[in-house]
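S.K.: For the sequence shown, position 173 matches number 172 in numbering that gives the first Met the number 0, and the numbering has no gaps at all. Built from N, CA and C at the ideal position, the CB exists for glycine as well. Mind having a look at this structure? Questions to follow.
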Amino acid sequence: MTKQVVGIQFKNTGKTYFFDPGALELKAGDGVIVETARGLEYGTVVIEPRPRKPEGQDQLLKPVVRKATEEDLARLAELQEKGERAFRIGVDKINAHGLPMKLVGVNYTFDASKIIFYFTAEGRVDFRELVRDLASVFRTRIELRQIGVRDEAKMMGGLGGCGRELCCTSWLREFSPVSIRMAKEQNLSLNPAKISGVCGRLMCCLKYESEVYEWARGVYPDVGTRVETPAGEGKVTGVNIFKNTVTVELKDSKHLQYFPLKEVKQIGGGKR
0 MTKQVVGIQF KNTGKTYFFD PGALELKAGD GVIVETARGL EYGTVVIEPR
50 PRKPEGQDQL LKPVVRKATE EDLARLAELQ EKGERAFRIG VDKINAHGLP
100 MKLVGVNYTF DASKIIFYFT AEGRVDFREL VRDLASVFRT RIELRQIGVR
150 DEAKMMGGLG GCGRELCCTS WLREFSPVSI RMAKEQNLSL NPAKISGVCG
200 RLMCCLKYES EVYEWARGVY PDVGTRVETP AGEGKVTGVN IFKNTVTVEL
250 KDSKHLQYFP LKEVKQIGGG KR
């Protein structure tokens, strides 16, 4: 019998993890209880069961224990309420210990065997006394996990400069590297306030069109290039990859004109 695999997410925009569905009939959107390294957890099916690839037949996957029941959903709501209370207590304890850290979120594992406190900080923080203090209050295992500012934005949510919900909160599952070179290639202002997201890092959306601009670099003539146009010889002063046009300063008139890319030919060969 061909073994199957099912994709599970633990947060709306979190990574997808793969489990063994066994004989369970699951469909996208189903709530399930799965066995993880942290114990039992509640997740949502995002990739329906399908045969494993031949090379993955022998891979040992943790099982889906069951479909979530009404009791499981009630327990999940209860744990969320307890998490909110734990957050308030966590903030008070951090302030009491005078630690340079900011609490971002608190999660209970589904079996309540552990509470995870997510925080941000400028550097390393000695929180051993804090852990002991929290353990004495909650009487369970405590984990403090330091996260970055991009992860903080993902957890907290908000609106971007475009007026829409943050991509990392609404649909972006994984962060991709973003560089200042991408902003330069897109002719954007290098003012940090204009190309940074609410997290203070370069906006993730700079990555979305990066491949288009990289392609355009190999197709469009560079600014300053001498070209031949239907109106005569001139110099490229700009390109518009969305309108598929090239702006040319004509040699004789010094006027700027716009030409379709296909009508522009680089003098001396080159890209066009």
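(1) For N281, which beta-bridge partners are listed by DSSP?
(2) For G217, is the classification buried or exposed, using 16 other Cβ atoms within 10 angstroms of its Cβ as the cut-off for buried?
(3) Can you name the start and end residues of the alpha helix (DSSP H) that I93 belongs to?
(4) Take M181 and list the residues in its own chain whose beta-carbon comes closer than 7 Å to its own, dropping the five residues that flank it on each side.
(5) In the DSSP assignment, what residue or residues form a beta bridge with E142?
(6) Excluding the 5 residues preceding and the 5 following E40 in the sequence, name in chain order all residues of the same chain whose CB lies nearer than 7 Å to its CB.
(7) Grouping DSSP H, G and I as helix and E and B as strand, with all else coil, what is T224?
(8) Taking C-alpha atoms, which residue in T119, I114, A85, I141 lies nearest to R127?
(9) Measure the CB-CB distance between V130 and Y117 and report whether it falls below 9 Å.
(10) Compare the C-alpha of A85 against each of L59, V263, S135 and name the closest.
(11) From T139 to G6, what does the alpha carbon distance come to, in whole angstroms?
(12) Given a cut-off of 9 Å on the beta-carbon distance, is the pair C203 and S175 in contact?
(13) For V90, which of L133, G147, G156, Q3 has the nearest alpha-carbon?
(14) Return the CA-CA distance between P259 and K183, expressed in angstroms with no decimal places.
(15) Please report the straight-line C-alpha distance between N190 and Y16, rounded to a whole angstrom.
(16) Could you give the DSSP three-state label for R271: helix, strand or coil?
(17) So, with DSSP's three-state summary, where would you put Y149?
(18) Are the beta-carbon atoms of E232 and K250 separated by less than 9 Å?
M.R.: Taking the coordinates as given:
(1) The shown model of the chain, from 0 to 271, leaves out residue 281, and the question about it has no answer.
(2) exposed
(3) 69-96
(4) L205, K206, S209
(5) I115
(6) F9, V33, T108, F109
(7) coil
(8) I141
(9) no
(10) S135
(11) 30 Å
(12) yes
(13) L133
(14) 23 Å
(15) 38 Å
(16) Confidence at R271 is low in this model, with a pLDDT of 49, below 50, so the placement of that residue is unreliable and no value is reported for it.
(17) Looking at the sequence itself, residue 149 is Arg, so the reference to Tyr does not match. Residue state, collapsed to three classes: helix.
(18) yes
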